[in-house]
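To start, the structure under review is shown below, and the notes come after it.
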Amino acid sequence: MPPIKTRLFTPGPVEIPVRVLRAMAVPQPHHRTEGFRETLKEVTSQLARLHGTQGEVFVLAASGSGAMEATVANLMAPREAALVVIAGKFGERWAEILKGFGVPFEALDVEWGHAVDPNRVAERLQARPELRAVFATHSETSTGSLHDARALARLCREQGRLLALDAITSVGVHELPQDEWGVDVVVCGSQKGLMVPPGLATVSLSPSARERIEGERLPRYYFDLRRYRKGIPTGDTPFTPPIPLVLALQEALAMIFDEGLPAVYERHRQVALATRAGARGMGLELFPRDPSHAVTVIRPPAGIDASAIIQHLRREHGMVVAGGQDRVKGEIVRIGHMGQYDAADIMSLMGALEDTLAALGHSVKPGAATAAAQAQLYPEPAPAPAERA
Ligand SMILES: *Cc1c(COP(=O)(O)O)cnc(C)c1O
Numbered sequence: 041m042p043p044i045k046t047r048l049f050t051p052g053p054v055e056i057p058v059r060v061l062r063a064m065a066v067p068q069p070h071h072r073t074e075g076f077r078e079t080l081k082e083v084t085s086q087l088a089r090l091h092g093t094q095g096e097v098f099v100l101a102a103s104g105s106g107a108m109e110a111t112v113a114n115l116m117a118p119r120e121a122a123l124v125v126i127a128g129k130f131g132e133r134w135a136e137i138l139k140g141f142g143v144p145f146e147a148l149d150v151e152w153g154h155a156v157d158p159n160r161v162a163e164r165l166q167a168r169p170e171l172r173a174v175f176a177t178h179s180e181t182s183t184g185s186l187h188d189a190r191a192l193a194r195l196c197r198e199q200g201r202l203l204a205l206d207a208i209t210s211v212g213v214h215e216l217p218q219d220e221w222g223v224d225v226v227v228c229g230s231q232k233g234l235m236v237p238p239g240l241a242t243v244s245l246s247p248s249a250r251e252r253i254e255g256e257r258l259p260r261y262y263f264d265l266r267r268y269r270k271g272i273p274t275g276d277t278p279f280t281p282p283i284p285l286v287l288a289l290q291e292a293l294a295m296i297f298d299e300g301l302p303a304v305y306e307r308h309r310q311v312a313l314a315t316r317a318g319a320r321g322m323g324l325e326l327f328p329r330d331p332s333h334a335v336t337v338i339r340p341p342a343g344i345d346a347s348a349i350i351q352h353l354r355r356e357h358g359m360v361v362a363g364g365q366d367r368v369k370g371e372i373v374r375i376g377h378m379g380q381y382d383a384a385d386i387m388s389l390m391g392a393l394e395d396t397l398a399a400l401g402h403s404v405k406p407g408a409a410t411a412a413a414q415a416q417l418y419p420e421p422a423p424a425p426a427e428r429a
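Numbered by the working numbering, the letters in the sequence shown go through residues 41 to 429 in order.
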């Protein structure tokens, strides 16, 4: 049966919930009005609540990379050096931005699919006191791995270094209490766990990093956070904000807090565990050693090309997943489940994956993946007391 709907299981942009779509479908308020200022103030304070910070959250009109660039430009002084943890494409992005700004940096390379060993970071910082800041990734979307943000934050604090964390696919997915863990800067984008279309990005500064954006820093104009700082208390922006996206983010944050943050994290965990169980159930190997709950990354069975799986899922099932980039192109399939995804989504995806692999010649017992996912999602109930006797 040909599909009549498209279902996104992408590592971003993700499916937009109906509530969020509806929030954008209104006559556009002007941004220099009391109503919109109130909206922006609410968005900013709810973002701070989501991040667990008493600091400041800056909302920028940009994709996630723009917020990464804003972080580098505003936090690094000329000639200051940094350490970059590179365990995938997004770790590489930090390095490219630093290179673009002429920041001297040292790269700590980690095998793709692995999380960095925090001891390696600690040792490197000890040996190189001139590395003033660490740029790292929490959930590395290109490999599906999760890094230990808490340990990285602890060791950076102990050694008096600044930690800037790309949390673009972990905010709203994994716990990341910024102030409690001591992460100085957290970067996020709208089109991943926040369930909003692309175009908004945020930089969250903990109170410890507040002063770091003042003084002589790298060249900055549009992303000069000092311009944004002035307007935060009143809901004003230095430039025209993408108004519909701000309305969308307001609604998405309301959805997250209506469900409750602990419930949101637990749902992502369940969905991720079920996806992994289903994949293993049909004999597939997971790519990451330390998997993130944002995206499940699998290796195709021997002899089957990742792109054939992606194509079949799209054409026959209307399901959109992603392939690998750069050095893992053709070698992996990335299945996103950030945002509004639940058990039913995963069950239908597993059915479609089984059909796809069978069609491509992989011998898979019908029901192997769905049964494994189902066992994870709906564990057998404990026997009733009468039956136990
Ligand atoms: C999506 C993503 C980004 C930013 O990509 P943009 O296309 O600029 O939004 C950065 N880091 C990670 C880990 C991501 O998943």
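A virtual CB, placed ideally from N, CA and C, is assigned to each residue, including glycine.
What you are looking at is a predicted structure, and each value in this text was computed from that prediction instead of being measured.
Contact test: residue i Cβ vs ligand 1 heavy atom, cutoff 7 angstroms
i, result
"Asp447", "Given that the chain is displayed from residue 41 to residue 429, the structure contains no residue 447 and the question cannot be resolved."
"Ile372", "no"
"Glu109", "no"
"Phe130", "yes"
"Ile208", "yes"
"Ser244", "no"
"Thr181", "yes"
"Gly52", "yes"
"Gly318", "no"
"Arg133", "yes"
"Gly379", "no"
"Ser85", "no"
"Gly229", "yes"
"Thr177", "yes"
"Gly153", "no"
"Pro237", "no"
"Gly104", "yes"
"Lys139", "no"
"Lys405", "no"
"Lys232", "yes"
Nearest-angstrom Cα separation, counted from residue j out to residue i
i, j, result
"Pro328", "Leu138", "26 angstroms"
"Pro158", "Val125", "10 angstroms"
"Lys405", "Gln166", "53 angstroms"
"Leu301", "Glu371", "34 angstroms"
"Gln310", "Gln380", "13 angstroms"
"Glu254", "Pro169", "23 angstroms"
"Ala409", "Gly323", "9 angstroms"
"Gly153", "Thr73", "47 angstroms"
"Pro57", "Leu245", "28 angstroms"
"Glu180", "Thr209", "8 angstroms"
"Gln68", "Leu265", "26 angstroms"
"Phe130", "Val368", "14 angstroms"
"Cys228", "Val243", "7 angstroms"
Residue i and residue j closer than 8 angstroms at C-beta
i, j, result
"His333", "His187", "no"
"Ala121", "Phe141", "no"
"Glu78", "Gly271", "no"
"Ala319", "Leu326", "yes"
"Ala362", "Thr50", "yes"
"Val150", "Ala135", "no"
"Val26", "Ala346", "Given that the chain is displayed from residue 41 to residue 429, the structure contains no residue 26 and the question cannot be resolved."
"Thr336", "Gly184", "yes"
"His357", "Thr315", "no"
"Gln231", "Val99", "no"
"Val286", "Val60", "no"
"Arg172", "Arg201", "yes"
"Arg133", "Met116", "no"
"Glu299", "Pro118", "no"
"Glu96", "Arg269", "yes"
"Ile338", "His402", "no"
"Leu216", "His178", "yes"
"Phe76", "Ile283", "yes"
Cβ distance (whole Å) where residue i is taken to contact residue j below 8 angstroms
i, j, result
"Ala63", "Ala241", "Their Cβ separation, rounded to whole angstroms, is 19 angstroms, which puts Ala63 and Ala241 out of contact at 8 angstroms."
"Val516", "His91", "Outside the displayed range of the chain (41 to 429) lies residue 516, so it cannot be described from this structure."
"Ala101", "Phe279", "7 angstroms"
"Gly233", "Gly212", "3 angstroms"
"Ala392", "Leu353", "6 angstroms"
"Ala113", "Leu258", "5 angstroms"
"Ile386", "Leu417", "7 angstroms"
"Leu192", "Arg164", "Their Cβ separation, rounded to whole angstroms, is 12 angstroms, which puts Leu192 and Arg164 out of contact at 8 angstroms."
"Pro281", "His70", "Between His70 and Pro281 the Cβ distance is about 11 angstroms, and since that is not below 8 angstroms, they are no contact."
8 angstroms Cβ shell around residue i - same chain, five flanking residues per side excluded
i, result
"Arg190", "Trp221"
"Gln290", "Ala63, Thr79, Glu82, Val83 and Gln86"
"Ala413", "Ala314, Thr315, Ala317, Gly318, Gly321, Ile386, Met387 and Met390"
"Arg260", "Ala110, Ala113 and Asn114"
Chain-order list of residues whose beta-carbon lies under 6 angstroms from that of residue i (same chain, five-residue window excluded)
i, result
"Thr3", "This structure does not reach residue 3, given that the chain is present from 41 up to 429, and the question cannot be answered."
"Ala204", "Thr111, Phe175 and Val225"
"Glu306", "none"
"Arg194", "none"
"Ala249", "Asp224 and Val225"
Same chain, Cβ closer than 7 angstroms to residue i, neighbours up to 5 away in sequence not counted
i, result
"Gln94", "Asp219 and Pro247"
"Ala348", "Leu400"
"Ser182", "Gly128, Lys129, Phe130 and Gln365"
Any non-hydrogen atom of ligand 3 closer than 7 angstroms to residue i Cβ
i, result
"Gly184", "With respect to ligand 3, the structure shown offers nothing to examine, as its ligands consist of ligand 1."
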